[in-house]
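Novice: The structure's right below; bear with me while I get my questions together.
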Amino acid sequence: MEVQLMEKEKETDRINFVLKDATPAFANALRRVMLTEVPVMAIDEVEIYRNGSILYDELVAHRLGLVPLTTDLKSYNLPEKCKCEGKGCARCQVKMVLKVKGPAMVYASDLKSKDPAVKPVFPKIPIVKLLKNQSLELEATAVLGTGKKHTKWSPGHIYYTYLPKIAVHDNSEKLAKFGDKYPPQIFGKDGKIDRSLISTPALIDACDGICDDLVKVEYIPNTFVFYVEPWGQLPSKKIVQQAAKVLQEELDEVSEALKQ
Ligand SMILES: [Zn+2]
4 MEVQLMEKEK
14 ETDRINFVLK
24 DATPAFANAL
34 RRVMLTEVPV
44 MAIDEVEIYR
54 NGSILYDELV
64 AHRLGLVPLT
74 TDLKSYNLPE
84 KCKCEGKGCA
94 RCQVKMVLKV
104 KGPAMVYASD
114 LKSKDPAVKP
124 VFPKIPIVKL
134 LKNQSLELEA
144 TAVLGTGKKH
154 TKWSPGHIYY
164 TYLPKIAVHD
174 NSEKLAKFGD
184 KYPPQIFGKD
194 GKIDRSLIST
204 PALIDACDGI
214 CDDLVKVEYI
224 PNTFVFYVEP
234 WGQLPSKKIV
244 QQAAKVLQEE
254 LDEVSEALKQ
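Quick note, the sequence shown lines up with residues 4 to 263 if you use my numbering.
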């Protein structure tokens, strides 16, 4: 098996990588582990002291739960694997306080964390608008969790396709007949189909099967392109590394169980 990084978007930290010589079962296992078993931080409990806003308590708590928080996997344990046995301690949870008086918009950045390493990834996420004489006061508890339990603990959007092999042929007769069936984004300034513009999975899919004499799309078996789009709690590279680690541990457990 071989892994090769193809693209990395600096601004969003999205990556694509190619996984060669793997089976579809393995590719899917890797995707599912990345989505549901890489732990990240999220708010799981909220104690509300005062809520004069238009949203009732449960809605405020729900919105806070969905705020992505920067995650430090070295310093925190999953509550069920912590020495405190899930009771809650400094090794498995972080308290955050929020106190805002209206008129004001309450933003994710108003959550004041006890640990600077755990804070909202996007400070400008709006929580609720407060009018004059309204206020919001609460204490939230963030813990590590996995997407298996709730999607708020998912580290990102992760999907894959087979690696496509695309051949573009210059055929003016066929182009006149089928040209309007293709997405307009793939045509260059000269009005011809430009191979380099067929770049996203959606565009490749849209070109597949219209006319093989113009664009022929083939998928290479056992070679996959992975797309990792993180929500920001963890860097994309860390998501992949952590997933590989979790998968390895689970496979070890299986071989151990088989031996017994
Ligand atoms: Zn603990």
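Where a beta carbon is used, it is the ideal one built from N, C-alpha and C, also for glycine.
Just reading off the beta strand (DSSP E) that E142 is part of, what are its end residues?
Specialist: Residue numbering aside, residue 142 sits at position 139 when the sequence shown is read from its first letter. That run of the beta strand (DSSP E) goes 138-148.
Novice: Under the rule that 16 or more other beta-carbon atoms within 10 Å means buried, what is T15, buried or exposed?
Specialist: What you label residue 15 is simply residue 12 of the sequence shown in a count that begins at 1. Burial call: exposed.
Novice: Are there any heavy atoms of ligand 1 lying less than 6 Å away from the beta-carbon of R94, as far as the coordinates show?
Specialist: Locating residue 94 in the sequence shown gives position 91, where the first residue counts as 1. For ligand 1, at least one heavy atom lies less than 6 Å from the Cβ of R94.
Novice: What do you get for Y230, buried or exposed, if any count of 16 or more other CB atoms within 10 angstroms of its CB means buried?
Specialist: In the sequence shown, counting from the first residue as 1, residue 230 sits at position 227. Result: buried.
Novice: Could you pull out every residue in the same chain whose Cβ sits closer than 7 Å to the Cβ of V103, ignoring the five residues on either side in sequence?
Specialist: Position 100 of the sequence shown, counted from the start, is the residue given in the question as residue 103. Around V103: V109, D113, L133, S138, L139.
Novice: Confirm, please, whether the CB-CB distance from K122 to T73 is below 7 Å.
Specialist: The residue given as residue 73 occupies position 70 in the sequence shown. The residue given as residue 122 occupies position 119 in the sequence shown. Going by C-beta atoms, T73 is nearer than 7 Å to K122.
Novice: Does the beta-carbon of L8 have 16 or more other beta-carbons within 10 angstroms, so that it is buried, or is it exposed?
Specialist: Here residue 8 refers to the residue found at position 5 when the sequence shown is read from its first residue. So L8 ends up on the exposed side.
Novice: Quick one: does the C-beta of C210 sit closer than 6 Å to a heavy atom of ligand 1?
Specialist: Residue numbering aside, residue 210 sits at position 207 when the sequence shown is read from its first letter. Outside the cutoff, so no.
Novice: Hey, could you find the ends of the alpha helix (DSSP H) T39 is sitting in?
Specialist: Taking the sequence shown and counting its residues from 1, the one referred to as residue 39 is at position 36. That run of the alpha helix (DSSP H) goes 27-39.
Novice: Between K77 and chain D, is there a C-beta pair that is closer than 7 Å?
Specialist: The question asks about chain D, but that chain is absent: this structure has only one protein chain.
Novice: Once DSSP output is grouped into helix, strand and coil, what is the label at S239?
Specialist: For the purposes of this step, residue 239 is identified with residue 236 of the sequence shown, where counting begins at 1. S239 falls in the helix class under three-state DSSP.
Novice: Would DSSP call A111 helix, strand or coil?
Specialist: Sequence index remark: in the sequence shown, residue 111 carries index 108 (1-based). DSSP places A111 in helix when its eight states are reduced to three.
Novice: Tell me, to the nearest whole angstrom, how far the beta carbon of C210 is from that of I201; I am working on the premise that it is less than 8 Å.
Specialist: Locating residue 210 in the sequence shown gives position 207, counting from the first residue. Locating residue 201 in the sequence shown gives position 198, counting from the first residue. Confirmed, Cβ separation roughly 6 Å.
Novice: Rounded to a whole number of angstroms, what is the C-alpha to C-alpha distance between L22 and M4?
Specialist: The residue labelled residue 22 in the question sits at position 19 within the sequence shown. The residue labelled residue 4 in the question sits at position 1 within the sequence shown. Approximately 7 Å between the Cα atoms of the pair.
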